[in-house]
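Shown next, in structure tokens, is the structure this report addresses.
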Amino acid sequence: MFSSHTSSERAHRIRAGAWAGVFGAAGVLHFVRPAIFDALVPPDLPGSQRAWTYGSGVAELAMSAALLSTFARPDARPAVGVAGAALLAAVWPGNIKMAWDWRNKPMLPRAIAFARVPLQVPMALSLLSLRRH
21 MFSSHTSSER
31 AHRIRAGAWA
41 GVFGAAGVLH
51 FVRPAIFDAL
61 VPPDLPGSQR
71 AWTYGSGVAE
81 LAMSAALLST
91 FARPDARPAV
101 GVAGAALLAA
111 VWPGNIKMAW
121 DWRNKPMLPR
131 AIAFARVPLQ
141 VPMALSLLSL
151 RRH
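Printed below as a string of structure tokens:
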């Protein structure tokens, strides 16, 4: 049986689906366990940490929905990929704050926190690759 999708199209669908899952799970977690995310909000931002936590949770859920929408609208991938990379850039200061705050934690959580900072770059590039179709 032949597939109507090229291998490139399948790769884009897999990438979009995987990222939709990541953003969706993270978005839900912002509402289920908000205190975790409150601690990541840089204190210099205006407003309450909880408002930023909920706002970023909404943004992650919206990003998940946008990524899923690219299954029906592949032409939306370029904009959605850029939006996803921008969202990762927007939360990067929180990841940096987490790494700094966790610098005295045990080795494993500290390693995870520090690894998240440079991993934002390949994650953003993966999302930006959705622009090509």
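Going by the numbering used here, the sequence shown opens with residue 21, and the numbers climb by one from there.
Where is the CB? At the ideal position from N, CA and C, for every residue including glycine.
> How would you write the range of the alpha helix (DSSP H) that A45 sits in, first residue to last?
Replying inline: S27 to V52
> If you pair each beta-carbon of the region 126 to 133 with each one of the region 60 to 80, do three or more pairs fall below 8 Å?
Replying inline: no
>> Can you look up T73 in the DSSP assignment and give me helix, strand or coil?
In response: helix
>> Please report the distance separating the alpha-carbon of A45 from that of I56.
In response: 14 Å
>> Considering only their Cβ atoms, is the gap separating L49 from K205 smaller than 9 Å?
In response: Because the chain here runs from 21 to 153, residue 205 falls outside it and cannot be looked at.
> What residues in its chain sit with their C-beta under 7 Å from that of D58, if we drop five residues either side in the sequence?
Replying inline: Q69, R70 and T73
> Beta-carbon separation of A40 and A85 under 9 Å?
Replying inline: yes
> Does the count of Cβ pairs from the region 90 to 98 and the region 134 to 146 closer than 8 Å reach three?
Replying inline: no
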